[in-house]
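Participant: Last residue of the sequence shown: 371 (the numbering used here), numbering continuous. C-beta atoms are modelled at their ideal positions from N, C-alpha and C, and glycine is treated no differently. First, the structure itself, so that you have it in front of you.
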Amino acid sequence: MNFLLKMAAVIYRLIISIRSRLYDLNLLRSYRAPCPVISIGGIEMGGAGKTPLTVHVVGVLSDAGYDPVVLSRGYGRKSSQRVIVNEYDSPSADIIGDEPFLIHKNTCVSMIIGSDRVASALLVPSLNLQRPVIVLDDGFQHRRLERDIEVVSISGGKSIEERRYFPDNGGVDGFSHTLRDLKSRLKEADFVMIKGSDIDDINRYTDAPVFNFHYEYSELFKGSKCYLFSGIANNLDFLNDAVRSGIDVVGSKNFRDHHNFSQADIDDIERDAMKCGADILITTEKDYARL
Numbered sequence: 081m082n083f084l085l086k087m088a089a090v091i092y093r094l095i096i097s098i099r100s101r102l103y104d105l106n107l108l109r110s111y112r113a114p115c116p117v118i119s120i121g122g123i124e125m126g127g128a129g130k131t132p133l134t135v136h137v138v139g140v141l142s143d144a145g146y147d148p149v150v151l152s153r154g155y156g157r158k159s160s161q162r163v164i165v166n167e168y169d170s171p172s173a174d175i176i177g178d179e180p181f182l183i184h185k186n187t188c189v190s191m192i193i194g195s196d197r198v199a200s201a202l203l204v205p206s207l208n209l210q211r212p213v214i215v216l217d218d219g220f221q222h223r224r225l226e227r228d229i230e231v232v233s234i235s236g237g238k239s240i241e242e243r244r245y246f247p248d249n250g251g252v253d254g255f256s257h258t259l260r261d262l263k264s265r266l267k268e269a270d271f272v273m274i275k276g277s278d279i280d281d282i283n284r285y286t287d288a289p290v291f292n293f294h295y296e297y298s299e300l301f302k303g304s305k306c307y308l309f310s311g312i313a314n315n316l317d318f319l320n321d322a323v324r325s326g327i328d329v330v331g332s333k334n335f336r337d338h339h340n341f342s343q344a345d346i347d348d349i350e351r352d353a354m355k356c357g358a359d360i361l362i363t364t365e366k367d368y369a370r371l
């Protein structure tokens with residue numbers, strides 16, 4: 081099985097290398113949007129904090145007087161049609177996806193959800209905004225749309241050199257360090273954001289400014305016995321962040337990224353939490369959107 085995974089990873093890396101080279105040679109075309117574009121993305125399968133970072137960037141733009149418009153694919157949603165979400169809309173995660181749902185819930189800005197983000201970008205003028213700026217959610221691989229600022233988020237704690245290409249490092253507890261894009265593409269970043277601890281060889285791959293960020297838990301949970309459950313790209317990071325923040329974690333249950341929770345799942349979580357003597361159940365905001 082390990083041999084098959086390694087061979088699959090070699091083939092995957094060859095495919096993305098060819099695709100990247102075709103864009104570099106302009107044999108695959110990129111399109112200019114009608115307004116400035118900021119891309120928030122990464123080179124990993126997930127777990128690098130791209131969604132909270134998108135929320136933060138949108139907030140900074142709004143505070144500065146711009147009108148951010150988030151373009152997202154809407155991964156995992158049940159609808160395949162393009163959806164335009166306005167400031168006062170209340171779309172469900174089923175319609176726009178759990179990550180766009182989280183972004184809109186925390187920002188209340190306009191969003192366009194669709195797989196073709198070039199087509200979505202061309203719709204931005206129809207929103208009649210004064211100072212529009214497109215924010216590409218998870219946009220690093222979407223090279224069909226040109227961008228003015230490239231922000232790359234990556235999980236810390238493991239050197240770039242050690243990281244392997246998909247699918248050679250997957251599982252319930254770990255797609256955060258599994259590469260879906262070339263390490264060499266880090267040189268295209270204007271800013272690199274590291275979630276968690278430092279990456280000792282990051283300066284070998286990029287000359288961009290590098291910043292660290294991490295999550296903090298509310299004091300509300302201190303002193304309680306807590307049970308964690310999550311279905312995100314790196315469930316282990318969620319657990320480690322809680323422990324690092326001083327949370328008394330008595331048990332946890334993990335699911336795959338974007339897992340759709342059933343009533344049976346909820347019943348299992350409640351039974352396990354009761355066995356562990358938990359006072360409080362804690363999950364991520366993204367998972368909460370799918371409950």
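Check this for me: beta carbons of F335 and L371, under 8 Å apart or not?
Facilitator: If you number the sequence shown from 1, residue 335 lands on position 255. If you number the sequence shown from 1, residue 371 lands on position 291. No, the Cβ-Cβ distance between F335 and L371 is not below 8 Å.
Participant: Give the DSSP bridge partners of P212, in chain order.
Facilitator: Locating residue 212 in the sequence shown gives position 132, counting from the first residue. The partner list for P212 (beta bridge, DSSP) reads D147.
Participant: I'd like to check one pair, S277 with D367: are the Cβ atoms closer than 8 Å?
Facilitator: As a working mapping, residue 367 is identified with position 287 in the sequence shown. As a working mapping, residue 277 is identified with position 197 in the sequence shown. The answer is no: Cβ separation not under 8 Å.
Participant: Apart from the five residues on each side of it in sequence, which residues of its chain come closer than 7 Å, Cβ to Cβ, to V135?
Facilitator: Position 55 of the sequence shown, counted from the start, is the residue given in the question as residue 135. Answer for V135: I183, N186 and T187, listed in chain order.
Participant: Return the Cβ separation of I214 and P116 in integer angstroms, given the expectation that the two are a contact with Cβ distance under 8 Å.
Facilitator: Position 134 of the sequence shown, counted from the start, is the residue given in the question as residue 214. Position 36 of the sequence shown, counted from the start, is the residue given in the question as residue 116. Indeed they touch by this definition, with Cβ atoms about 7 Å apart.
Participant: Would you kindly work out how many angstroms separate the C-alpha atoms of I362 and G331, rounded to a whole number?
Facilitator: For the purposes of this step, residue 362 is taken as the residue at position 282 of the sequence shown. For the purposes of this step, residue 331 is taken as the residue at position 251 of the sequence shown. Rounded to the nearest angstrom, the two C-alpha atoms are 11 Å apart.
Participant: Per DSSP, what kind of secondary structure is M191 in: helix, strand or coil?
Facilitator: Along the sequence shown, one-based indexing puts residue 191 at 111. Looking at M191 - three-state DSSP - the assignment turns out to be strand.
Participant: Report the option in L151, T286, Y155 and P171 whose CA atom is closest to the CA atom of R197.
Facilitator: As a first step, residue 197 must be located in the sequence shown, where it is residue number 117. Of the candidates L151, T286, Y155 and P171, the one whose C-alpha sits nearest the C-alpha of R197 is L151.
Participant: I need the boundaries of the beta strand (DSSP E) containing F293, first residue and last residue.
Facilitator: Taking the first residue of the sequence shown as position 1, residue 293 is located at position 213. Segment V290 to F293, the beta strand (DSSP E) holding F293.
Participant: Just confirm the distance between the C-beta atoms of V231 and S159, as a whole number of angstroms; I'd bet it's less than 8 Å.
Facilitator: Numbered from its first residue, the sequence shown carries residue 231 at position 151. Numbered from its first residue, the sequence shown carries residue 159 at position 79. Not confirmed; about 28 Å, so no contact.
Participant: Does M125 pass the burial test, meaning 16 or more other C-beta atoms within 10 Å, or should it be called exposed?
Facilitator: As a position in the sequence shown, residue 125 is number 45, starting the count at 1. Buried, by the Cβ-count rule.
Participant: Tell me whether the segment 219–237 and the segment 256–272 touch, counting them as touching only if at least three CB pairs, one residue from each stretch, are closer than 8 Å.
Facilitator: As far as the Cβ criterion goes, the segment 219–237 touches the segment 256–272, which means the pair count is three or higher.
Participant: Assign I95 to buried or exposed, taking buried as 16 or more other Cβ atoms, counted over all protein chains shown, within 10 Å of its Cβ.
Facilitator: The residue you call residue 95 lines up with position 15 of the sequence shown. So I95 counts as exposed.
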